[in-house]
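Quick note on numbering: the working numbering labels position 5 of the sequence shown as 9, and the sequence is numbered without any gaps.
Note that CB positions come from ideal geometry on N, CA and C, so glycine has one too.
Data first, discussion second: the structure below is written as structure tokens.
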Amino acid sequence: MSFSSFVSSLPVVGSVAPVVRPSVASSVPRGRVSAAVSVVAVHLAGDSVRVACGDGRVRVCRVPYAVRALGRPLSVDAVFARLSARVGSSVRFVSAFGYSPDEWFVAVEAV
Numbered sequence: 005m006s007f008s009s010f011v012s013s014l015p016v017v018g019s020v021a022p023v024v025r026p027s028v029a030s031s032v033p034r035g036r037v038s039a040a041v042s043v044v045a046v047h048l049a050g051d052s053v054r055v056a057c058g059d060g061r062v063r064v065c066r067v068p069y070a071v072r073a074l075g076r077p078l079s080v081d082a083v084f085a086r087l088s089a090r091v092g093s094s095v096r097f098v099s100a101f102g103y104s105p106d107e108w109f110v111a112v113e114a115v
């Protein structure tokens, strides 16, 4: 091996492979992910949380379905609090059971 080949095979200092986080969609049954959208407003509605988004759509989380899809307990208040903290941020909505994430969701991923 020549010296120049050896040098070109060395890693570049400070270069780091990108960290790829697995999507929540991979852990829910038949999960689907929306495009990134901004959260405009959040509203409580019984056992559901409604989210108005920057793309003009309103997405709904039915908490009992989210509990079933994620396999862990959730409360409507906890879902509402977490989404309220994301107002003004961009997120991706995750749906389960093959439903459209442009209408229904069980989880949210930060962008």
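For Arg-76, there is no enclosing beta strand (DSSP E), since its DSSP letter is neither H nor E. Short of 6 Å from the beta carbon of Val-91, and not among the five residues preceding or following it, lie these beta carbons of its own chain, in chain order: Val-43. By the CB criterion at 7 Å, Val-28 and Ala-89 fall outside the cutoff. Counting along the chain, Arg-86 sits inside the alpha helix (DSSP H) bounded by residues 80-88.
Where Ala-114 is concerned, the enclosing beta strand (DSSP E) starts and stops at 111-114.
Scanning Pro-68, Val-64, Cys-57 for the CA closest to the CA of Ala-39 turns up Cys-57. Going by DSSP, Phe-101 is part of no beta strand (DSSP E) at all; its letter is neither H nor E. If you ignore the 5 residues before and after Phe-109, its C-beta comes within less than 7 Å of the C-beta of Arg-63, Cys-65, Phe-97, Val-98, Ser-99, all in its own chain and listed in chain order.
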